Every structure is written in structure tokens, then in C-alpha cells.
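Under my numbering, think of the first position of the sequence shown as 1, with each following residue one higher.
One structure is given here, and the rest of the page talks about it.
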Amino acid sequence: MSAKTEFSGGGATGAQARTGVFGRVAAWSQRHRWAALLLWAVTVVAITAGSQAAGSAYHNDFSLPGTDSQAAADLMEEHGSLQAGATVQIVLKDRQGLGGDRAAIDGMLAKVRALPSVADVQPPGPGSITEDGTIGYATVTLDGSAEDVPSEHVTKIIETAQGASQDGLQIELGGDPVRGAQEEGGGGAEGAGMLAALVILVLLFGSLIAAAVPLVTAVFAVGAAVGLIGLASHVFTVADFTPPIMMLIGLGVGVDYALLIFYRYRQELRDGAEPAAATQVALDVAGRTVFFAGCTVIIALMGLVVLGLGSLQGVALAVALMVLVTMAASLTLLPALLAVFGKRIQRNVLKRPGRTGDDGWRRLASAVQRRPVPALLVATAALLALAAPALDMRLGFADAGNDAPSSTSRQAYDLLAEGFGPGFSGPLVVVTEGSAAQLQATLEQTEGIAATTPALPSKDGAVHTVIAFPESAPQDAATADLVHSLRDDVLPALSQQTGAEYLVGGPTAGTLDFADSVSERMPLFVAVVVGLSAILLMVVFRSVLIPIKAAVLNLLSIAAALGAITLVFQDGRFGAQPGPIEAFIPVMIFAIVFGLSMDYEVFLVSRIHEEWERTGEPAHAVREGLAATGRVITAAAAIMIVVFAAFILSPGRMLQQFGLGLAVAVLLDAVVIRCLIVPAVMQLLGKWAWWLPGPVARRLPRVALERPS
1 MSAKTEFSGG
11 GATGAQARTG
21 VFGRVAAWSQ
31 RHRWAALLLW
41 AVTVVAITAG
51 SQAAGSAYHN
61 DFSLPGTDSQ
71 AAADLMEEHG
81 SLQAGATVQI
91 VLKDRQGLGG
101 DRAAIDGMLA
111 KVRALPSVAD
121 VQPPGPGSIT
131 EDGTIGYATV
141 TLDGSAEDVP
151 SEHVTKIIET
161 AQGASQDGLQ
171 IELGGDPVRG
181 AQEEGGGGAE
191 GAGMLAALVI
201 LVLLFGSLIA
211 AAVPLVTAVF
221 AVGAAVGLIG
231 LASHVFTVAD
241 FTPPIMMLIG
251 LGVGVDYALL
261 IFYRYRQELR
271 DGAEPAAATQ
281 VALDVAGRTV
291 FFAGCTVIIA
301 LMGLVVLGLG
311 SLQGVALAVA
321 LMVLVTMAAS
331 LTLLPALLAV
341 FGKRIQRNVL
351 KRPGRTGDDG
361 WRRLASAVQR
371 RPVPALLVAT
381 AALLALAAPA
391 LDMRLGFADA
401 GNDAPSSTSR
411 QAYDLLAEGF
421 GPGFSGPLVV
431 VTEGSAAQLQ
441 ATLEQTEGIA
451 ATTPALPSKD
461 GAVHTVIAFP
471 ESAPQDAATA
481 DLVHSLRDDV
491 LPALSQQTGA
501 EYLVGGPTAG
511 TLDFADSVSE
521 RMPLFVAVVV
531 GLSAILLMVV
541 FRSVLIPIKA
551 AVLNLLSIAA
561 ALGAITLVFQ
571 DGRFGAQPGP
581 IEAFIPVMIF
591 AIVFGLSMDY
601 EVFLVSRIHE
611 EWERTGEPAH
621 AVREGLAATG
631 RVITAAAAIM
641 IVVFAAFILS
651 PGRMLQQFGL
661 GLAVAVLLDA
671 VVIRCLIVPA
681 VMQLLGKWAW
691 WLPGPVARRL
701 PRVALERPS
């Protein structure tokens with residue numbers, strides 16, 4: 001080591017290893033195994049019971065302070081212009097004309113009016129029936145928001161309305177409450193993911209008991225965290241789509257963390273250690289890896305707070321809590337389970353001593369090391385090709401036009417577009433405290449606007465609202481151009497004439513504002529997450545190049561995952577309904593995948609570093625590190641992939657995108673990056689992988705993932 005630089009490790013030897021803090025925690029859990037198990041069981045039951053008794057208060061907050069759409073909503077709320085409850089549209093079509101169905105329609109609407117949660121029903125009338133009289137709609141106003149009205153009440157409205165269908169009369173229903181009710185009941189994904197994970201673990205370990213230990217640890221963690229978030233939803237804003245995301249992440253990460261520790265435990269048993277000693281070593285080494293990997297995930301999730309986007313902050317806190325509870329379960333509950341089942345697991349391990357699969361991974365590493373440049377170029381080119389579609393990613397929120405063609409919400413959407421134009425389902429709400437007559441006249445003359453409603457005064461008469469229907473559909477680029485034209489050119493010119501302020505709001509404009517806000521704040525978010533994670537890795541591995549390599553490769557796998565969901569969900573490949581990528585999906589996938597990728601990075605590189613410390617031979621360290629971790633990383637990745645992929649079967653488009661993005665990212669990270677790119681890069685870097693400038697080395701605290709000596 002020179003005065004200016006440091007190469008960490010390099011064949012250092014030390015005294016006999018001493019037990020670290022995680023090993024001491026494991027020892028306590030082993031000695032008090034039944035107390036630890038009872039404490040976890042009582043905690044989960046108490047939290048679940050409390051959550052059930054208190055109920056949840058999940059609600060969405062898509063407010064965007066500083067945007068036109070939010071200012072318009074605030075102005076309408078201040079002056080009493082906002083509609084109190086959510087609405088459902090009952091869309092009717094009869095090619096022979098709706099006049100002949102009047103009795104059936106009136107009878108159906110009377111039945112709907114008597115249903116729970118229905119506040120008012122407005123029958124089809126002037127303005128809500130097409131000129132030829134073949135298509136019309138009734139408006140059902142509910143007594144609460146779409147989130148507050150029970151889905152079973154909405155389902156009853158759907159069944160009652162469609163029960164009046166008859167020959168020639170088609171009845172479909174649309175609106176956010178209807179779309180929400182259609183997406184209920186997709187909870188089989190969690191069960192399918194757990195079953196697939198159990199099968200993989202049984203194949204990996206050859207024992208049902210051994211396979212069940214990581215899974216039980218994950219289930220306890222998920223149960224506790226979901227209950228805690230249900231209670232926390234009464235204190236801070238937590239979006240209603242948070243629980244399934246927590247289940248998704250909790251099951252994947254929970255099994256992953258427990259498996260990394262459990263695999264090291266089995267290795268120690270195979271090397272002749274007794275169960276108690278094996279547990280302490282596993283927690284000392286793999287437990288420390290889990291701790292730092294979990295901290296990286298939490299750092300990445302906390303980066304979402306920087307975005308300042310309403311509900312996303314609650315989602316970030318919820319998922320971070322899930323990861324924290326999962327870490328706690330892996331470090332305290334898992335040792336207790338190993339103490340209970342240790343002897344039986346030991347007998348199974350010793351009966352199957354030769355099935356390690358290390359030689360195959362060693363040969364793979366050697367093959368990559370012989371030709372590192374071609375391996376690096378081919379693998380990187382493949383990832384860049386998959387990432388390319390993300391360059392054209394269009395952010396937004398799915399509407400009924402993206403629902404399944406057979407769904408009633410999609411049928412209603414299509415009928416309204418047929419009868420009233422494609423822009424009917426995405427009106428623009430223009431609000432002013434000035435002259436409504438001049439506003440309406442200007443909008444009617446604006447290119448791209450098909451029709452406008454008469455100005456609607458607020459309750460106090462101080463504010464007027466004009467609803468403008470675009471000629472194009474809500475998700476068309478032409479509609480976005482129209483919004484920007486109104487805000488940048490048309491309305492500012494009118495404002496100069498009248499001196500009044502004009503604000504463009506409504507769901508369509510709000511979606512554009514949300515997407516723009518995400519795009520504008522994404523660079524800061526990425527910089528914060530990458531910077532903090534790189535500093536953490538620099539402290540752990542005492543290297544400059546390892547954190548840079550990890551950050552670049554993680555960004556590459558995330559870009560490829562975003563390219564995959566763009567290809568499937570935006571371009572409509574493989575049978576998916578084409579439409580925008582949900583605006584918050586990229587930032588959520590970035591935060592979670594960046595953290596999860598660090599699991600494998602830390603697990604693999606810490607084992608390479610362990611060999612580098614022992615031998616000082618960089619090529620040998622890479623081979624042995626991959627040989628020691630390749631099998632468990634592949635198994636852990638396979639489990640996360642099947643858990644995440646199971647959510648592609650969910651009825652919700654958001655969960656489908658989320659599940660596919662995470663599954664693809666983990667697959668690429670485990671197969672392409674860890675098996676090909678990392679060995680190639682480490683071979684090319686050699687001992688320089690562990691280089692650290694002397695001044696930096698002297699200031700950094702010493703934190704090692706290997707056993708303290």
C-alpha cells in the first residue's frame with residue numbers, strides 16, 4: 001500500500017474469527033427459541049387483530065401543488081364547484097332508437113335509485129342522447145368517492161342495470177367505481193407465487209422442512225408489515241394500491257433474504273459445523289449481507305420522498321417498512337426456526353453432501369475470464385437492445401379504453417366514443433374567475449375542441465367552469481398538444497384581453513401534469529438514490545470502482561426492464577391492451593429494482609472479496625465467489641421471478657406492469673449481469689477493483705461483510 005492508495009485485502013490473514021453482533025443475535029434466538037417464536041407469533045396476531053378492528057384508511061392523493069390542474073381543483077373546491085360523489089354512467093344503445101325502450105329504461109333506473117350508496121340518478125335527456133337517438137347515458141351519482149363506496153354496492157348497480165338488457169337494447173356501465181369493482185378479486189397471485197416458491201425450494205434443498213423455513217419467515221414478516229401499514233394508514237396517506245405491492249415485494253424479498261442466510265447455514269453444516277455454530281456463522285456473514293442489502297433497498301425507497309408526489313411517499317414508506325420487518329424476521333425469527341429444526345436439516349444435508357453444483361459455476365466463470373471482452377460486449381449489447389423501447393415510453397394513467405374489450409367499462413367507453421366523439425371520456429375542465437362568455441367563445445373557436453358545455457357557475461357565483469371535449473381520445477398525443485396549446489398560447493392571449501386567469505384542469509390535464517412532474521423530478525431522484533447507494537458500497541467494500549460498476553449495471557438492468565414493459569404494455573405485444581405506462585411505475589421499479597439488485601451485488605461481491613482477502617488472487621477470487629454463490633443467487637432469483645410474474649395474472653393493469661418489470665429486471669440481473677458481465681468486468685479490473693485512494697481510505701469507517709477477525 002502506498003501513501004496515496006489502498007488495495008483492500010490482498011491475502012490478509014487474521015486471528016480466529018470472533019462473533020459479530022448478528023451472530024450474537026442468532027445465539028440469543030437459539031437459546032430462547034420458543035420465546036422468540038412466541039414473541040413473533042403474538043406480535044403478528046396482535047397487529048393483525050388491531051388492524052382488523054381499526055380497519056384501514058387507504059386513500060389516494062394525486063395532488064400536485066404548483067400545477068394548473070391542482071390550482072383548478074383547489075379553486076373549484078374553495079368556491080363549491082366540485083361534485084361531492086363519484087359518478088357511474090349507464091350507457092344505452094338501441095339501433096332502432098331508445099324511444100321504444102323508455103319503459104324498460106325507466107324501470108331499471110328506478111331500481112338503481114333504490115340501491116345502497118346511490119345518491120341521485122339523472123336519466124338520459126337533452127345533451128345525453130345522440131341526435132339519431134340510438135345512444136344515450138344516465139348518470140348515477142354515488143354518496144362517496146370511488147374509493148369510499150364498497151365494491152359490492154357498485155357490483156349490485158352493474159348487475160341491476162344490465163339485468164334490464166333485452167333484444168336490441170345494450171346496457172354497459174362506465175366510470176372509476178365500475179373499473180375498480182372489475183379489478184376486485186385478483187388475490188390468487190400471492191398464493192400462486194408462494195406455491196411456486198415452495199416448489200423451487202424443495203427442488204433446491206430436497207426437503208420439505210428445509211424449503212418451508214425461508215417461506216415461513218417471509219410469511220411472518222409480510223403478515224406483520226401489512227397489519228402495521230393498515231394501522232399507519234390512519235396517520236399518513238397510503239394509496240389503496242399499496243397492499244398488493246407490499247405483498248409482492250414482501251414475499252419476494254422475504255424468501256430471498258431468508259434463503260441467502262439459510263444457504264450459508266447449509267454450507268457450514270456441510271463443512272462439519274454443528275447447527276448452533278453454523279447458525280452463528282451464517283448470521284455473521286450472510287446476515288450482515290442481508291442487513292446492508294436491506295439498507296440499500298430502504299435508501300432507494302426513501303429516494304421516492306424526494307419526488308414529493310402525494311401517494312408515492314406513502315407507498316415508499318410502506319414498502320420500506322416491509323423490507324425493515326423482513327430484515328428483522330431474517331435476523332431473529334430465522335435463527336429460532338433453525339434451532340428447532342436444525343438437527344433434521346443437518347441429517348438431510350449430510351445425506352446429500354455432493355450436490356453443490358459449484359463446478360458448473362466455476363467453469364462458467366473460467367470461460368468468461370478467458371474471453372472477458374466478447375462476453376462483456378455481447379451481454380451489454382443485448383441489454384441495450386432490450387432497453388431501447390424505453391426511449392419512447394409514454395407516461396400516463398390507463399383509462400377504460402385500455403380495459404379488456406369484453407369488459408363493461410370498455411364497452412361503455414367505446415359506445416360513448418361512438419355516439420359523442422373520442423374526446424367525450426376525457427373532457428378538459430377550464431376554470432376562471434373572469435368572463436365565462438368570452439372563455440366559451442374562445443374555446444369553441446380553438447382547433448382540436450369538438451364541443452363545449454355552457455358555463456357552470458359555482459355555488460357562490462364567483463367561479464365559472466366550462467367543460468371542453470377534445471376531438472381526440474384522452475391518451476392521444478393530439479390531446480396533450482391541445483392542453484399545452486391552451487395553457488401556453490390560447491388562454492394567455494385571452495387573459496391579456498380580459499385580465500382574468502384561466503386554469504385547465506380535469507382528469508386528462510391532471511394525468512399530463514403528473515407525468516410531467518415525474519419526468520422533471522426523475523433525474524434528482526436517480527442522483528440521490530445512486531449517490532447514497534454508491535457511498536454505502538464504498539464503505540462496505542472500500543473500493544471506488546465496485547460502487548461505480550454496481551450503479552452502472554443496475555441502471556442497465558432497470559432500463560432493460562422498462563424497455564420490456566414498454567414493448568408489452570405500450571406497444572401492445574403478446575396480447576396486452578396498448579396504452580400508456582402508469583406514471584409512477586418507472587420510479588417505483590427504479591427504487592425497488594435498484595435496491596434488490598444490490599442484494600445479489602453485495603452477496604456475490606462480498607464472497608469474491610472474502611476470497612480476495614484470503615488469497616490475494618483476483619481471478620481465483622472471482623471464480624470461487626461465483627462458484628459459491630451462483631446456485632443460491634439463481635434459486636433466489638427464480639423465486640422472486642415466479643412471485644413477481646404471478647402478478648401478471650392480476651386483473652389490475654398497474655400490478656401487471658409492476659410484476660413484469662420486476663420479474664424481467666431480476667431475471668436479467670441474475671442471469672446476464674451476475675453470470676456474465678460481473679465476472680468479465682472483475683477480470684478486466686483485476687486488483688484495481690479494490691483500489692481506494694489513500695486519503696479516502698483513511699476517512700472511511702471500516703465495515704466488513706466477512707466475519708470479523
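Glycine included, every Cβ here is placed at the ideal spot set by N, Cα and C.
As the structure is a prediction and not an experimental result, all values here were calculated from the model.
In chain order, 86, 88, 142, 146, 149 and 154 place their CB closer than 7 Å to the CB of residue 177, counting only its own chain and leaving out the 5 sequence neighbours on each side.
Here DSSP, grouped into helix, strand and coil, assigns residue 433 to coil. Rounded to whole angstroms, residue 90 and residue 413 show a C-alpha spacing of 11 Å. Spatial neighbours of residue 93 in its own chain (CB-CB distance under 7 Å, excluding positions within 5 residues in sequence) are listed in chain order as 134, 135, 170 and 415. Sixteen is the threshold: since fewer than 16 other Cβ atoms of the shown chains lie within 10 Å of the Cβ of residue 234, the residue is exposed. Burial is judged here by how many other beta carbons sit within 10 angstroms of a residue's own beta carbon; residue 40 has at least 16 and is buried. With a contact defined as Cβ atoms closer than 8 Å, residue 332 and residue 46 miss out at about 17 Å. Under the Cβ criterion (8 Å, minimum of three pairs), the segment 629-647 does not count as touching the segment 220-228.
In the DSSP assignment, residue 384 falls within the alpha helix (DSSP H) that extends over 372-387.
Approximately 19 Å separates the beta-carbon atoms of residue 79 and residue 495; this is outside 8 Å, ruling out the contact.
Excluding the 5 residues flanking it on each side, residue 273 has same chain C-beta neighbours closer than 7 Å at 281, in chain order. With respect to residue 72, residue 504 sits close: the two C-beta atoms are nearer than 8 Å. If you ignore the 5 residues before and after residue 107, its C-beta comes within less than 8 Å of the C-beta of 164, all in its own chain and listed in chain order. In the three-state scheme derived from DSSP, where H, G and I count as helix and E and B as strand, residue 43 is classed as helix. By the Cβ-count criterion, residue 690 is buried, with 16 or more other Cβ atoms from all chains shown falling within 10 Å of its own Cβ. For residue 111, the enclosing alpha helix (DSSP H) covers residues 102-113. Here residue 594 really is in contact with residue 533; their C-beta atoms are around 7 Å apart, less than 8 Å. Taking 8 Å as the cut-off, the beta carbon of residue 474 is found no closer than this to the beta carbon of residue 531. Within the DSSP secondary-structure output, residue 122 pairs in a beta bridge with 139. Counting only the Cα atoms, residue 32 lies some 18 Å from residue 284. Residues 341, 344, 345 and 348 of the same chain have their beta carbon placed closer than 8 Å to that of residue 209, with the five preceding and five following residues left out of the count.
A straight line joining the alpha-carbon of residue 453 with that of residue 677 spans about 60 Å. Minimum Cα-Cα distance from residue 99 among the listed residues 22, 125, 110 and 380 corresponds to 125. In terms of Cβ geometry, residue 76 and residue 463 form a close pair [threshold 8 Å]. Nearest neighbour of residue 601 by Cα position, chosen from 645, 573 and 536, turns out to be 536. The segment 483-503 makes no contact with the segment 514-531: fewer than 3 CB pairs, one atom from each, lie closer than 8 Å. Residue state for residue 697 is assigned as helix, using DSSP reduced to three classes. The closest CA to that of residue 467, considering only 548, 375, 430 and 500, is found on 430.
In this structure, residue 456 sits away from residue 449, with a CB-CB distance that is not shorter than 8 Å.
Distance from residue 498 to residue 434 at the Cβ level is roughly 5 Å; contact confirmed, criterion being Cβ atoms closer than 8 Å.
Of the candidates 661, 131 and 700, 661 places its Cα closest to the Cα of residue 387. Relative to residue 117, the option among 157, 603, 622 and 615 whose CA is nearest is 157. Between the alpha carbons of residue 558 and residue 271 lies a gap of roughly 38 Å.
Note that the C-beta distance between residue 294 and residue 257 is below 8 Å. When secondary structure is reduced to three states using DSSP, residue 651 falls in the coil class, being assigned neither helix nor strand. The segment 476-550 contains, as complete alpha helix (DSSP H) runs of 4+ residues, the segments 477-485, 491-498 and 507-541 (chain order).
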